[in-house]
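Engineer: Under the numbering used here, the sequence shown has 110 at position 5, and the numbering climbs by one with no breaks. Every residue gets a Cβ at the ideal spot worked out from N, C-alpha and C, and that includes glycine.
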Amino acid sequence: MIKATEAISSELVFDKLLDRLLQILLENAGAQTGCIVLNREGKLFVEVANPVPDISGRSPSPKVKMFP
Numbered sequence: 106m107i108k109a110t111e112a113i114s115s116e117l118v119f120d121k122l123l124d125r126l127l128q129i130l131l132e133n134a135g136a137q138t139g140c141i142v143l144n145r146e147g148k149l150f151v152e153v154a155n156p157v158p159d160i161s162g163r164s165p166s167p168k169v170k171m172f173p
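#1: Going by alpha carbons, who is nearest to T110 out of V151, L126, V118, V153?
#2: Taking 7 Å as the cut-off, is the C-beta of V151 nearer than that to any heavy atom in the ligand ADP?
#3: From what residue to what residue does the alpha helix (DSSP H) around E152 run?
#4: When we look at the beta-carbon of V153 and count the other beta-carbons within 10 Å, is it buried (16 or more) or exposed?
#5: What do you reckon, are the CB atoms on L122 and I113 nearer than 8 Å?
#6: In the DSSP assignment, what residue or residues form a beta bridge with G139?
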């Protein structure tokens, strides 16, 4: 929780913040894969994923299929 709070208070670039938060979440959960999905205007977008999926750019993803 402290690492997440520090990241939020120190990171000014939103994309870098999401990357850092995902790393912290994976570390705390002991997970190897994960993603952060945001709702933008009623559509779900995978904003950041680890490992990075083989896609170019952001695209709407009504069903996130890369994670069971």
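Structural biologist: With the given structure in hand:
#1: Looking at V151, L126, V118, V153, the one whose alpha-carbon comes closest to that of T110 is L126.
#2: Ligands in the displayed structure: none, and consequently the ligand ADP is not present.
#3: Careful: E152 lies outside any alpha helix (DSSP H), inside the beta strand (DSSP E) at 148-155.
#4: For V153, the number of other beta carbons within 10 angstroms of its own is at least 16, and it is reported as buried.
#5: Yes; because the gap between Cβ atoms is below 8 Å, this pair is in contact.
#6: Note: G139 sits in a beta bridge opposite N155.
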